[in-house]
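Chains as they are written, first to last, in the numbering used here: chain A, 427 to 727; chain L, 5 to 338.
What follows is a single structure, written as structure tokens, with notes after it.
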Amino acid sequence: MEQFLQQIASGLANGAIYACVALALVMIYVSTDHINFAQGEMAMFSTYLSWQLMTWGLSFWGAFVIAVALSFVMGVAIERLILRPLHTAPILSIIVVFIGLLAIFNSMAGAIWSYLIKEYPSPFPKSSFGIAGVIGSHQLGVVIVTLIVLGLLFAFFRYTPLGLAMRAAAQNPQMARLVGVRVDWMLALGWGLAASVGAVAGIMVAHIVYLDPNMMAGILLYAFASALVGGISTPAGAVAGGFIVGVLENMVAYAGNQIEQATGIYIIGNGEKLTVALIIVIFVLTVKPAGLFGRVVVKRV
Amino acid sequence: MATSKKWVLGLVVLAVVVPLLKPVFPDAISDYRLFLVSTMIIASIAVLGLNLLTGFNGQFSLGHGAFYAVGAYTAAILMDQLSFPYWATIPAAAIVCFIVGYLFGLPALRLEGHYLALATFALALAVPQILKYRWLEGLTGGVQGIVLLKPEVPFGLPLTEDQWLYYFCLITMIILFWAAANMLDSRSGRAMMAIRDQNMAAETMGIDIALYKTVTFGISAAYTGIAGALSASAIAFVAPDSFTIFLSIKFLIGLVVGGIGSLAGSVIGGIFYVLVDNSAQALSQFVKNGLGLPFDLSAYTVFGILLIVIIYLMPTGLAGGLQAVWRRFQAARG
Chain A
427 MEQFLQQIAS GLANGAIYAC VALALVMIYV STDHINFAQG EMAMFSTYLS WQLMTWGLSF
487 WGAFVIAVAL SFVMGVAIER LILRPLHTAP ILSIIVVFIG LLAIFNSMAG AIWSYLIKEY
547 PSPFPKSSFG IAGVIGSHQL GVVIVTLIVL GLLFAFFRYT PLGLAMRAAA QNPQMARLVG
607 VRVDWMLALG WGLAASVGAV AGIMVAHIVY LDPNMMAGIL LYAFASALVG GISTPAGAVA
667 GGFIVGVLEN MVAYAGNQIE QATGIYIIGN GEKLTVALII VIFVLTVKPA GLFGRVVVKR
727 V
Chain L
5 MATSKKWVLG LVVLAVVVPL LKPVFPDAIS DYRLFLVSTM IIASIAVLGL NLLTGFNGQF
65 SLGHGAFYAV GAYTAAILMD QLSFPYWATI PAAAIVCFIV GYLFGLPALR LEGHYLALAT
125 FALALAVPQI LKYRWLEGLT GGVQGIVLLK PEVPFGLPLT EDQWLYYFCL ITMIILFWAA
185 ANMLDSRSGR AMMAIRDQNM AAETMGIDIA LYKTVTFGIS AAYTGIAGAL SASAIAFVAP
245 DSFTIFLSIK FLIGLVVGGI GSLAGSVIGG IFYVLVDNSA QALSQFVKNG LGLPFDLSAY
305 TVFGILLIVI IYLMPTGLAG GLQAVWRRFQ AARG
């Protein structure tokens, strides 16, 4: 039983990470209809930035804040410089550009910081607090930090004029432009925010998966699964999807473990995590493309 | 058409004759270079597979590395477990990959644009893990992979192993490109392209879209799978970690550089990515010593930058872009 609770707790901690990355994906998807295949690599790059800042002597949280701010600038710059001119380009061009960005970020991180796996510190006190034995302090910290970030984002979009303008620009660009919202800057800001949220996720998860240029590949795949489960056009759904998928992932591995212990037959375990995500992605896409909370889009022909 | 046919014939004759001159120019035509050209041939077959799907049928795939892996593993397992001769693994890999591709094409029918890219991207990410699956370990050799033997020269021909490998790849490539050209020139090929250009109009004309899309997926996977099988024979080794997402990215760069929807472009694209991949070391040295920058440049930085630049400057690929420049030059001369 305790093991079961542990699995749920660590599933929630993973889910918090997936929720952040999924939210970043959805923020870009909602406003531009693009799926950012480079989201994970951008987050990885931000995490390396924070690591670099720490080796230069900054405290964890100092590096955290600066890295998140730099990520924001990076996101805005990518949107303005690279994606803006491709607004009317065919889908294939956009996908190719995202894959190009993915390759650039990945190889640059490897070039600058090498492909050696690095330890990444945890900012949370070592002593086990919370529900002892069920959830580790880092996991609990991750959940708290991501909940704070998600809360801040929610407040920003819900209660500030800028957030309202951004939502307007995403929902109905023409009308938003008519009432004086600078739509293209709103898109760029959305990109910046997405990059920042991704950076938070990367920095939080680095202690668990260790720092290396390919650290986000699996997480990005799970974030895709989360966004799809929740409905890729609904930010709240993506967050919920993140937690659902996080717990589901651990439950599948746990169930596989139990089956192996009971019957001695190995079916599924920790080694098949990405395959589970692949199955979730294809299952949701083919069976219920709108996800659990999404709206079904009816296309006029 | 006539002149382009002459060109192709000339190039084929050149490709057949040059390696035979090895005894005359032993330095210029080394075994290593022949092996490199063989990998280029394999690459262009793989890119052609992706091109059939994306360029001619309008379905995206970021996961063709998966079919390459299936082809390579099919060949390796057949050679390793059932001691198939290497040449017999090519049709076997084609059949297996056709079935896998066709089956993947079924859910893909419901996906468009971004979503199909997403599903295939997910596939590409998961492939190395699937290959390591414990129940398959007896066949796939798990993380260690499978070590094979290089193809032997048949009939006592006076060729080196690399020369023979080169000819084997070349013959396969010529057959496959000939088949693709004929298919595209047929009623089926026109149907494929009609689906790409005007889905609904094609349907109105009585084209069975579901059938064509899934079969195209199968054929495309079969082409890329054949390339995988050839690579298993050529490298004489397969292991899960050579089939990461970056393999699929290489096919994508081949597709984009060569030109989306161009048969000849597939060859250019394949040659290109192997060249860049192989000169990465020299390039990195140049950046370090020549320009004095303090990091190791990898091929993927070049690939990434090129992907973006080409989309901006030459949306028809390197070949198409140069052709356009050439035409403008011709027009300027009068």
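We treat Cβ as the ideally placed atom computed from N, Cα and C, and that holds for glycine.
In this text the structure is predicted, and so the values were computed from the model without any measurement.
Best match in the options for proximity to residue i [C-alpha to C-alpha]
i, options, result
"A268 (chain L)", "L:S302, L:A80, L:I178, L:L251", "L:I178"
"V313 (chain L)", "L:A184, L:C101, L:I257, L:S235", "L:I257"
"S622 (chain A)", "A:E428, A:M427, A:M453, A:G441", "A:M453"
"M592 (chain A)", "A:G695, A:V609, A:A464, A:G690", "A:V609"
"L647 (chain A)", "L:A123, L:D31, L:V51", "L:A123"
"V523 (chain A)", "A:S563, A:L475, A:G624, A:Q465", "A:Q465"
"A662 (chain A)", "A:L542, A:G501, A:F709, A:F719", "A:F719"
"E467 (chain A)", "A:L451, A:G616, A:Y455, A:S457", "A:L451"
"I309 (chain L)", "A:L431, A:M534, A:Q429, A:Q432", "A:M534"
"F582 (chain A)", "A:H564, A:A664, A:L615, A:G562", "A:L615"
"L163 (chain L)", "L:Y72, L:P89, L:K26", "L:K26"
"T218 (chain L)", "L:A96, L:R114, L:V28", "L:R114"
"D459 (chain A)", "A:F669, A:Q429, A:L518, A:K699", "A:L518"
"H68 (chain L)", "L:A79, L:F60, L:G59, L:L54", "L:L54"
"S65 (chain L)", "L:A121, L:I99, L:E116, L:F102", "L:A121"
"G109 (chain L)", "L:A126, L:F333, L:Q334, L:I223", "L:I223"
Under 8 Å by beta carbon: chain A residues contacting residue i
i, result
"T305 (chain L)", "A529, I530, S533, M534, A537"
"V373 (chain L)", "Look at the range of chain L in this structure, 5 to 338, and you will see that residue 373 (chain L) is not part of it."
"L56 (chain L)", "Ordered by position in chain A, no residue passes the 8 Å Cβ test against L56 (chain L), which lies about 15 Å from the chain."
"I253 (chain L)", "I525, L528, A529"
"I264 (chain L)", "L518"
"P111 (chain L)", "I708, L711, T712"
Separation of residue j from residue i, as counted between CA atoms
i, j, result
"R584 (chain A)", "G62 (chain L)", "40 Å"
"M5 (chain L)", "W182 (chain L)", "Any reading at M5 (chain L) must be qualified, since the residue scores a pLDDT of 47, below 50, and its modelled position is unreliable; the value itself is stated next. One C-alpha to the other measures close to 15 Å."
"A442 (chain A)", "M677 (chain A)", "16 Å"
"S659 (chain A)", "G262 (chain L)", "35 Å"
"A435 (chain A)", "A703 (chain A)", "19 Å"
"A225 (chain L)", "G75 (chain L)", "9 Å"
"G274 (chain L)", "M204 (chain L)", "33 Å"
"N293 (chain L)", "L287 (chain L)", "10 Å"
"P23 (chain L)", "V260 (chain L)", "29 Å"
"A632 (chain A)", "L619 (chain A)", "20 Å"
"V157 (chain L)", "A70 (chain L)", "30 Å"
"V494 (chain A)", "I694 (chain A)", "37 Å"
"E545 (chain A)", "Y316 (chain L)", "39 Å"
"A469 (chain A)", "G624 (chain A)", "5 Å"
"L542 (chain A)", "N640 (chain A)", "11 Å"
"G160 (chain L)", "L40 (chain L)", "24 Å"
"S34 (chain L)", "S42 (chain L)", "12 Å"
"Q133 (chain L)", "K10 (chain L)", "47 Å"
Chain-ordered chain L contacts of residue i [CB-CB under 8 Å]
i, result
"S519 (chain A)", "I315, P319"
Contact set between residue i and chain A, taken where Cβ atoms lie within less than 7 Å
i, result
"S302 (chain L)", "S533, G536, A537"
"F64 (chain L)", "L518, I521"
"L256 (chain L)", "V522, I525"
"I213 (chain L)", "Result: empty, since nearest Cβ-Cβ is about 14 Å, beyond 7 Å."
Interface partners of residue i on chain L, CB under 9 Å
i, result
"F463 (chain A)", "L66, A121, L122, F125"
"A703 (chain A)", "A126, L129, A130"
heavy atom of the ligand SAM below 8 Å from residue i C-beta
i, result
"G232 (chain L)", "No copy of the ligand SAM appears in this structure; indeed no ligand is present at all."
Chain L residues whose Cβ lies nearer than 7 Å to that of residue i
i, result
"E698 (chain A)", "Q133, Y137"
"I508 (chain A)", "I312"
"Y474 (chain A)", "None at all; the shortest Cβ gap to chain L is about 13 Å."
Contacts that residue i makes with chain A (C-beta to C-beta distance below 9 Å)
i, result
"F308 (chain L)", "Note on residue identity: the sequence assigns Gly, not Phe, to residue 308 (chain L). Ordered by position in chain A, the residues that pass the 9 Å Cβ test against G308 (chain L) are I525, G526, L527, L528, A529, I530, F531, N532, S533, M534."
**OP:** Would you check if there are 3 or more beta carbon pairs closer than 8 Å linking the segment 594–607 of chain A to the segment 469–482 of chain A?
**Re:** no
**OP:** Would you be able to state if there are at least three C-beta pairs under 8 Å between the segment 189–196 of chain L and the segment 11–23 of chain L?
**Re:** no
Subject >> Chain-ordered residues of the segment 660–684 of chain A with a beta carbon less than 8 Å from chain L >> reply: none
Original post:
How do the segment 538–551 of chain A and the segment 564–573 of chain A stand: do at least 3 beta-carbon pairs fall below 8 Å, yes or no?
Top reply: yes
Subject >> Within 7 Å of chain A by C-beta, residues of the segment 114–136 of chain L in sequence order >> reply: R114, L115, G117, H118, Y119, A121, L122, A123, F125, A126, L127, L129, A130, Q133, I134, K136
**OP:** Mind the definition here: the segment 231–243 of chain L touches the segment 159–174 of chain L only if three or more C-beta pairs lie below 8 Å; say whether that holds.
**Re:** yes
Original post:
Is the segment 636–655 of chain A in contact with the segment 497–514 of chain A, if contact means three or more CB pairs nearer than 8 Å?
Top reply: no
Original post:
Between the segment 159–190 of chain L and chain A, which residues of the former have a C-beta closer than 7 Å to a C-beta of the latter?
Top reply: none
**OP:** Kindly confirm or deny that the segment 88–99 of chain L and the segment 247–257 of chain L touch, where touching means at least three C-beta pairs closer than 8 Å.
**Re:** no
Subject >> Interface positions of the segment 634–654 of chain A facing chain L (Cβ-Cβ less than 9 Å), listed along the chain >> reply: N640, A643, G644, L646, L647, F650, A651, L654
**OP:** Check each residue of the segment 84–104 of chain L: if its Cβ is closer than 9 Å to any Cβ of chain A, include it; give the result in chain order.
**Re:** none
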